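Quick note on numbering: the numbering used here labels position 57 of the sequence shown as 1322, and the sequence is numbered without any gaps. Following: one structure in structure tokens, then a few remarks.
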Amino acid sequence: MGLVKFMFPNPNDIYMHDTPAKSLFEFEKRTFSHGCINVKEAKQLALHILKDDPDWPADKIESAMNGGKETTCMLKRKIPVYIGYFTCWVQDNGEVNFFPDVYDRDQSLDKLIYNDAITMKD
């Protein structure tokens, strides 16, 4: 999994984490983590999140990330985390792009939006 894991409350048990397989960030399709989010610059994210916490200076973060046992750090202040999953994106020039629905969410969303009127065709 890597050196650091960022946990945050959510109904889908999704978390963000580092990965030892840095080469995976070179792929355009990056669904290797079964729903969790691989963070390319996880150490920099940890440093940024904890920058104002005197209990977590950079050397302690480094030590915790490279230590032999799991270390938990509870944040003193909450940070809002928003996750968006989009299978369609409109470019600034108006071009519409569609992407594979790797988590099979579009069908249930289709039913919520269109009810019984019009449904998507496979």
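Every residue gets a Cβ at the ideal spot worked out from N, C-alpha and C, and that includes glycine. Quick caveat: nothing in here was measured; it's all calculated off a predicted structure.
If the five residues before and after A1329 are omitted, its C-beta is found closer than 6 angstroms to the C-beta atoms of T1336, all from its own chain and listed in chain order. For N1380, there is no enclosing alpha helix (DSSP H), since its DSSP letter is neither H nor E. The three-state secondary structure of N1331, taken from DSSP, is helix. Residue pairing from DSSP places I1302 in a beta bridge opposite M1281. DSSP places C1353 in the uninterrupted beta strand (DSSP E) bounded by 1353 to 1355.
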